[in-house]
């Protein structure tokens with residue numbers, strides 16, 4: 039028996055392609071729609087409003103359609119409270135659970151719209167003590183009150199930014215044919231502005247940063263305060279230590295690009311020296327480690343998470359070998375991030391992307407276009423991809439930030455007090 | 039003060055490029071060499087012998103050179119026993135430790151040459167109770183008797199195979215321009231022969247096997263006994279389960295390549311159903327999981343290791359979240375492997391490559407040539423790379439194995455008893 | 039002084055994202071818009087209509103905006119005739135010329151809308167004897183009557199197809215993680231249907247088709263009538279001939295993947311033998327060439343264009359060494375094409391893409407995702423990319439077409455008369 | 039009936055892997071060898087000598103083996119004169135012709151060893167008026183005296199350089215994980231040295247140089263004299279002109295990475311303006327073109343070849359649309375080149391590689407590792423590949439050259455007169 043239900047769309051529904059996407063989805067799923075009411079904003083600052091009647095061939099079909107429209111940002115006008123069910127077991131979802139997007143989401147509880155905390159994709163919404171939060175399936179506990187169905191849920195997809203920013207590339211094809219230096223300049227400006235306004239910048243990096251010779255530039259960024267947290271793994275830290283102790287990375291002299299004699303041992307010596315000291319922090323305290331990315335993080339109190347992987351040698355005492363624990367710590371660090379800069383790592387980039395709200399500006403730098411494509415395929419569609427060589431990217435970025443600092447100093451000779459907003 | 043020392047080379051030293059490599063290395067390091075004795079095998083079955091005097095500008099320089107020559111396969115004729123030193127601390131190496139290659143290695147203890155067990159690269163050699171074994175730095179315990187220096191050590195680099203096999207490509211450039219079907223046929227023949235003779239075949243696989251539609255072919259390979267161990271992660275197992283429960287992989291219907299309605303939930307449902315059952319094995323026992331790669335592993339008693347990673351959702355109860363523990367289990371499985379077939383995973387391929395002796399035939403299949411390049415850069419130089427689409431590769435491989443079985447049956451109508459050599 | 043002008047939108051303007059794209063573009067260019075009239079189709083079969091007032095800060099600004107909206111599909115309601123100017127010189131464009139998209143376009147001449155012939159991107163529209171046609175800049179002659187400005191021009195962007203077809207992937211990210219065999223099956227179905235209904239299928243192919251062992255499958259496709267024209271270069275033809283005369287491709291035996299003795303000469307012998315015969319056609323007639331892709335083209339009267347490139351050895355007598363002449367011949371062959379299947383060639387794919395209307399279903403198969411990305415970057419946005427190995431793709435495609443033929447035969451045992459629609 | 043023949047090896051036959059390669063090849067081809075005489079150089083400056091008896095199962099088998107050994111550098115001691123046969127027809131090779139490698143080659147004529155001119159791979163050797171030269175098959179004329187068989191021919195494979203230079207990477211895997219800035223510094227040093235000593239530097243470049251924003255750096259290199267010839271195509275020149283006339287490349291503003299309004303027309307306007315002027319040179323003379331790569335070539339008398347391709351729009355009047363004629367001109371320019379720097383173009387790189395002797399230092403810079411792999415697959419094995427972003431590579435290269443100039447000036451304040459050696 040045919041079933042029908044009204045939905046509403048509100049906001050920049052045309053500008054954001056919301057309306058056509060809703061039409062599309064209904065037609066793709068063989069449903070029907072009828073426009074009940076439609077007010078279009080006549081100017082660019084106006085929002086629009088539409089009310090549509092959606093029809094499915096039976097209740098289940100209708101529910102399927104409404105479920106998909108929800109994910110796009112449509113909502114049911116006479117919204118009832120969200121429905122919850124208890125998790126039957128640790129890490130087991132209740133039937134019909136609501137699977138989150140990475141867009142900001144609200145859930146109606148006792149007649150009030152609560153913003154869902156820790157928004158991230160492919161999670162469940164759990165209600166507790168009058169608040170709602172995303173939980174990954176691995177954190178679901180027996181008895182958790184999990185939101186099911188689509189009632190009482192609103193998704194707010196990101197408005198596309200007006201005024202040119204680097205993020206206008208959002209969603210564009212990943213291409214290596216862009217003016218590299220101009221892009222780097224724009225990224226530098228974004229980072230500079232976010233830093234100046236007290237925002238949070240998270241860097242996610244792989245070991246190729248060291249292999250390709252970008253470690254000094256990254257260390258400089260940390261020293262100058264442009265990095266508020268570093269997410270990486272054992273390899274980057276070991277190579278960074280190796281370079282600072284022996285001038286090599288996996289035995290290759292980074293100045294001459296030659297293999298150093300006995301260089302193949304440096305990697306294990308680096309691990310060994312840090313282990314002997316007790317930890318990276320201890321190694322800095324004892325004067326063993328005197329420079330580099332990890333050193334700068336430690337002396338500048340920049341938190342870092344070194345997540346373990348099955349490729350690791352050692353690993354360093356600082357590495358979190360339990361992947362679920364490492365994931366939790368990473369999630370903690372990206373909370374409130376304004377910019378996430380991912381460089382030369384597919385594993386950490388996708389893992390971090392999974393934890394991010396779509397409202398976080400995400401830049402993924404890799405020489406391999408497929409890293410960016412995969413990141414987007416896995417749902418981090420807000421990422422902009424820069425296909426370039428991290429070994430030339432980082433030095434340019436450092437230079438551009440330098441230039442911005444100099445021109446800022448000229449403009450504002452008086453003392454400025456910088457305060458973090460968090 | 040100039041220092042000098044004799045070394046010997048024995049075996050197919052010209053054919054295997056050992057002699058020229060030794061000359062090269064000495065010259066690269068600014069040492070001198072003189073040929074004392076040289077007998078070349080006059081026919082292809084003969085081995086050759088050379089004795090060389092190596093000179094360095096001082097003892098340290100000479101030691102550096104001898105150290106490098108050791109890694110190539112040269113050895114000191116009047117070999118004394120290997121020298122050992124105790125590890126000063128857990129995970130801390132003694133000064134001057136010997137860092138292993140992945141070539142078969144012998145160490146002289148009490149006048150006898152012991153074969154080093156569990157050969158793998160970038161490890162230490164630890165002596166214990168009259169035997170010698172590789173230990174990764176992470177397993178070194180305080181007081182372990184670690185081999186240092188180069189005395190009493192012999193490295194035997196692999197002879198290059200004679201007679202055409204797929205492994206003649208060894209060391210060749212990684213190229214996508216090879217006759218794909220011919221290569222697949224040759225790999226099928228290698229696998230078939232190893233299987234017939236009771237050898238051990240280890241498969242290392244990534245989730246793209248399922249995304250690209252290769253899961254049925256791999257399940258078939260497991261069912262027919264061509265897989266003796268499977269090394270993978272949470273994602274492959276979850277996608278495999280999702281496909282078997284819902285016909286989708288990350289929500290995409292693998293028959294139509296369309297996103298299924300509500301398909302985005304299937305991924306979490308799959309994890310949830312296995313968690314509810316308790317484990318993959320329990321899910322098979324309870325009739326929840328009735329087909330696919332993991333199902334075939336379980337009903338055919340093929341051991342598997344699902345190693346955790348920070349990208350994991352869930353993860354499944356069967357996943358080893360501690361990366362060091364997972365590494366140990368992987369190392370266990372590749373012992374005595376004759377062939378390792380790596381497909382569509384950089385993380386697991388490099389991690390497995392780190393555990394392999396160079397005498398293991400290693401095939402790496404990936405659509406991205408850089409996966410193979412990185413695997414070789416990381417030391418697994420014996421790997422041959424096949425740049426192709428695993429979604430078409432696996433079905434062809436299964437078909438070729440089928441053809442080989444049929445032609446074998448015709449040749450040998452009588453019953454054959456297959457016995458594993460181990 | 040502010041300037042304003044009305045535009046109209048008609049058709050599936052929401053469904054095709056036309057309306058939001060128009061809003062976007064106006065805002066991006068800092069113009070203003072006001073909706074005068076808006077009738078939305080209430081069901082999916084209805085078309086919609088909108089009338090908008092566009093405002094610019096002066097006439098030039100307005101013209102710029104209107105120019106861009108034109109390219110999207112908007113048009114000026116009280117359309118006057120298109121304005122023309124004469125080309126001042128061979129290959130020199132008149133100021134303000136209209137630069138075409140690859141969408142179907144109409145031009146108003148003497149009050150009538152003429153469909154522009156030979157639609158392709160980045161061309162000029164030239165009027166002559168009451169008809170309008172695209173001309174590339176290289177074909178513009180002094181005195182040609184070239185359309186300038188935007189008046190009297192209508193662009194009709196393609197409707198997105200309803201009902202699932204392979205072309206629903208249109209515009210999606212280029213990914214290697216799709217179910218390969220399912221995609222190949224769908225492509226086979228498209229090709230089969232187009233062939234059955236008398237449509238035109240053009241194949242564009244590079245030499246890797248032969249290197250990777252796909253030549254027999256492609257020859258089979260030609261023989262069975264699935265190829266109505268072949269666009270390629272010297273290398274594919276030479277390798278095809280080499281394989282058919284000597285069993286090798288660039289000296290590599292395609293059966294064993296080994297280099298054949300003296301194989302490096304086969305390439306030049308192949309060129310030499312065809313040159314001796316006079317041409318490929320003569321070589322077939324004289325019995326020199328007895329199989330392969332080119333042979334099948336010749337005996338089945340399938341036209342081919344072998345375009346010259348600076349990489350060519352020889353080249354064969356059949357190769358068009360003048361690139362502009364070759365381009366003209368290629369353009370001729372893709373006229374009225376229904377499907378263009380591009381395989382393993384960036385040069386020919388982009389060159390062909392430049393000649394295609396966006397209404398032609400375009401499939402680009404390459405192991406390198408950047409080939410597809412570049413094709414789209416260059417404007418062939420309708421292309422769908424399949425990232426796979428052409429050496430496994432072609433045999434599967436041939437097999438799928440075979441299956442379709444068999445199942446068709448079962449359904450329709452009676453004789454069918456096939457007639458080409460052109 | 040078994041056949042046998044003596045061959046000789048002379049030079050750094052072990053160091054260059056020549057001896058083991060000969061042994062290998064004989065065994066691979068199922069021949070036999072016996073060492074008759076063998077004197078090994080005892081120090082690194084000494085050359086070695088070996089005389090071997092090669093046996094085949096019959097004369098044809100032996101000839102096949104000897105043919106392959108020739109290509110490696112072996113030669114027949116009692117060398118008779120080379121044997122010649124006349125080409126039976128234009129572009130038709132005589133039976134048994136000798137197909138060249140790209141290594142320096144000598145041919146014995148009337149008892150004297152002549153160095154073959156214009157050495158390049160896959161060509162024929164034609165004798166004329168007491169000299170010998172390579173001819174491509176396309177240039178062979180009826181009656182040309184073509185060398186056949188292997189007698190009287192000596193190939194001299196390159197000695198591997200001693201002392202560290204960038205070219206030590208030669209033959210190594212193509213990897214993106216190298217210290218980028220160090221590599222660029224070493225390339226700068228090579229270019230600087232070659233330039234200082236009056237050597238010849240040829241640049242081969244694709245349009246991505248302009249898209250990625252590297253055009254100013256390249257223009258600077260031309261202006262300063264670091265480019266002695268430029269090989270490219272229509273696209274690079276058109277984009278360069280477009281950037282200099284309008285600040286865009288294919289309509290994208292290279293300063294902001296945004297599409298400029300009406301920018302899609304700039305490409306055709308650029309072609310049109312040059313066509314109106316008559317040629318690039320005329321455009322410079324008339325003051326139409328006032329900067330950029332092509333401008334600098336013209337005002338600094340640096341010869342350029344713009345080779346036509348089927349992708350071309352226009353093309354510019356300066357483009358050689360006949361590919362065979364373009365190839366001839368390219369070949370002319372690379373004669374006597376000391377360094378060839380290839381950037382961001384697969385087509386032109388492979389085409390140029392085909393014309394180069396293996397003694398020319400060849401650097402291939404591309405963001406796509408497969409460009410380098412294909413270049414090597416096609417025979418240009420001496421190329422070293424730098425996997426990086428040409429948009430960041432070129433500015434760094436220009437900066438490093440700048441630094442070298444400054445430090446040179448300090449060292450040598452007096453006037454230096456630079457003289458080209460040619």
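Chains as they are written, first to last, in the working numbering: chain A, 39 to 460; chain B, 39 to 460; chain C, 39 to 460; chain D, 39 to 460.
From the three backbone atoms N, C-alpha and C, an ideal C-beta is built for every residue, glycine too.
Counting contacts by CB-CB distance shorter than 8 Å, is residue 309 of chain A in contact with chain B? Taking Cβ atoms only, chain B reaches closer than 8 Å to residue 309 of chain A, which makes this a yes.
Hey, could you find the ends of the beta strand (DSSP E) residue 86 of chain D is sitting in? Counting along the chain, residue 86 of chain D sits inside the beta strand (DSSP E) bounded by residues 86 to 94.
Going by DSSP, what residue range makes up the alpha helix (DSSP H) through residue 427 of chain C? Premise fails: residue 427 of chain C is in no alpha helix (DSSP H) and is neither H nor E.
My parser needs the beta strand (DSSP E) runs of 3 or more residues fully inside the region 230 to 283 of chain C; what are they? Fully enclosed beta strand (DSSP E) runs of 3 or longer: 239 to 243, 267 to 271.
If I follow the unbroken alpha helix (DSSP H) through residue 7 of chain B, where does it start and stop? Beyond the ends of chain B as shown, which are 39 and 460, falls residue 7 of chain B; an answer cannot be given.
Straight-line Cα distance separating residue 55 of chain B from residue 85 of chain D: Taking the straight line joining both Cα atoms gives about 18 Å.
How would you call residue 115 of chain A, buried or exposed, if buried means at least 16 neighbouring beta carbons within 10 angstroms? Label assigned to residue 115 of chain A: exposed.
Using a C-beta to C-beta distance shorter than 8 Å, which residues of chain C count as neighbours of residue 389 of chain D? Listed along chain C are 347, 348, 349, each with a C-beta nearer than 8 Å to that of residue 389 of chain D.
Neighbouring residues, chain D, relative to residue 220 of chain A (Cβ below 7 Å): Those within 7 Å of residue 220 of chain A in chain D are 251, 292, 293, 294, 295.
Would you call residue 148 of chain B buried or exposed, if buried means 16 or more other Cβ atoms sit within 10 Å of its Cβ? The residue in question, residue 148 of chain B, is exposed, as its Cβ has fewer than 16 Cβ neighbours within 10 Å.
Per-residue DSSP class, three states only, for residue 367 of chain A: Residue state, collapsed to three classes: helix.
Give, in chain order, every residue of the region 92 to 118 of chain C whose Cβ lies closer than 8 Å to some Cβ of chain A. Per Cβ criterion, the list is empty.
Helix or strand or just coil, what does DSSP make of residue 136 of chain C? Coil at residue 136 of chain C, not helix or strand.
Does the distance from the C-beta atom of residue 269 of chain D to that of residue 277 of chain D stay below 8 Å? By the CB criterion at 8 Å, residue 269 of chain D and residue 277 of chain D fall outside the cutoff.
If you check the beta carbons only, do residue 464 of chain A and residue 65 of chain A fall under 8 Å apart? A question about residue 464 of chain A goes unanswered here, because the residues of chain A that appear run from 39 up to 460.
In chain D, what lies closer than 8 Å to residue 151 of chain A by C-beta? Simply none; closest approach about 37 Å.
Rounded to the nearest angstrom, what separates residue 211 of chain C and residue 411 of chain A at their Cα positions? With a pLDDT of 44 at residue 211 of chain C, under the threshold of 50, the predicted position of this residue should be treated as unreliable, and no value is reported.
Taking residue 58 of chain A as the query, report the chain C residues whose CB atoms sit under 7 Å from its CB, ordered along the chain. Ordered by position in chain C, the residues that pass the 7 Å Cβ test against residue 58 of chain A are 52, 53, 55, 58.
Going by C-alpha distance, which of A:118, A:258, A:317, A:265 is nearest residue 234 of chain A? Looking at the Cα atoms, A:265 is the closest of the given residues.
Let's test the definition: count the other Cβ atoms within 10 Å of the Cβ of residue 166 of chain C and tell me whether it reaches 16, buried, or not, exposed. When all chains shown are included, residue 166 of chain C counts as exposed.
Can you grab the Cα-Cα spacing for the pair residue 366 of chain B / residue 246 of chain B, in whole Å? Separation of residue 366 of chain B and residue 246 of chain B (C-alpha to C-alpha, rounded to the nearest whole angstrom) is 25 Å.
Under 8 Å, with one C-beta from each stretch per pair, do the region 426 to 446 of chain A and the region 435 to 446 of chain D reach the 3-pair mark? Contact between the region 426 to 446 of chain A and the region 435 to 446 of chain D is absent: fewer than 3 CB-CB pairs across the two stretches fall below 8 Å.
Are residue 425 of chain D and residue 404 of chain D touching if we call contact CB-CB under 8 Å? Less than 8 Å separates the beta-carbon of residue 425 of chain D from that of residue 404 of chain D.
Since residue 77 of chain A is in the beta strand (DSSP E), which residue starts that stretch and which ends it? Looking at the DSSP string, the run of the beta strand (DSSP E) that includes residue 77 of chain A is 70 to 77.
Following the continuous beta strand (DSSP E) through residue 42 of chain C, name the residue where it begins and the one where it ends. Secondary structure note for residue 42 of chain C: its beta strand (DSSP E) is the uninterrupted segment 41 to 49.
What does residue 139 of chain A touch in chain C if you count any residue whose Cβ is under 9 Å from its own? In chain order: nothing, as chain C lies at least about 18 Å away.
Identify each residue in the region 406 to 417 of chain A for which the Cβ-Cβ distance to at least one residue of chain B is less than 7 Å, and report them in chain order. Here the close residues are 406, 408.
Go through its chain and collect everything with a Cβ distance to residue 94 of chain D's Cβ below 6 Å, but skip five positions before and after it. Cβ neighbours of residue 94 of chain D beyond the five flanking positions: 41, 69, 100, 103.
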